[in-house]
Amino acid sequence: MTQDKFALPIHWNEYEDIAMGLYEKFGDEFTEAKIYRIRFTDLLEWVLSLPNFAGTREEANEGHLEQIQSAWVYEWRDNQ
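Here the sequence shown is numbered in UniProt numbering, starting from 1 and rising by one per residue.
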């Protein structure tokens, strides 16, 4: 994702938007198997660093991170 001052902010429950951002950032560096093996601590940091991400560390929970992983896998599959 490019930094766009007109882009809407992304929040924790916008899994598809987060997954698209992660795929744009990492491309095919992570396969399906690797995505599911990412530590949640790493995933949390990567999500927080996405441009236009407006969520906070305190709002994060395991459910959000699991949904993001699944959405990222679907995004990766769509681009294969």
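Ideal Cβ positions, reconstructed from N, Cα and C, are used throughout, including at glycine.
- Per DSSP, reduced to three states, the secondary structure at F53 is strand.
- When the Cα atoms are used, G27 and E62 turn out to be separated by approximately 24 Å.
- Linking R37 to F6 through their CA atoms gives a straight-line distance of about 34 Å.
- As computed with DSSP, I10 is found in a beta bridge with F53.
- The alpha-carbon of E45 is positioned some 21 Å away from that of Y74.
- When rounded, the separation of the alpha-carbon atoms in I68 and Y15 is 5 Å.
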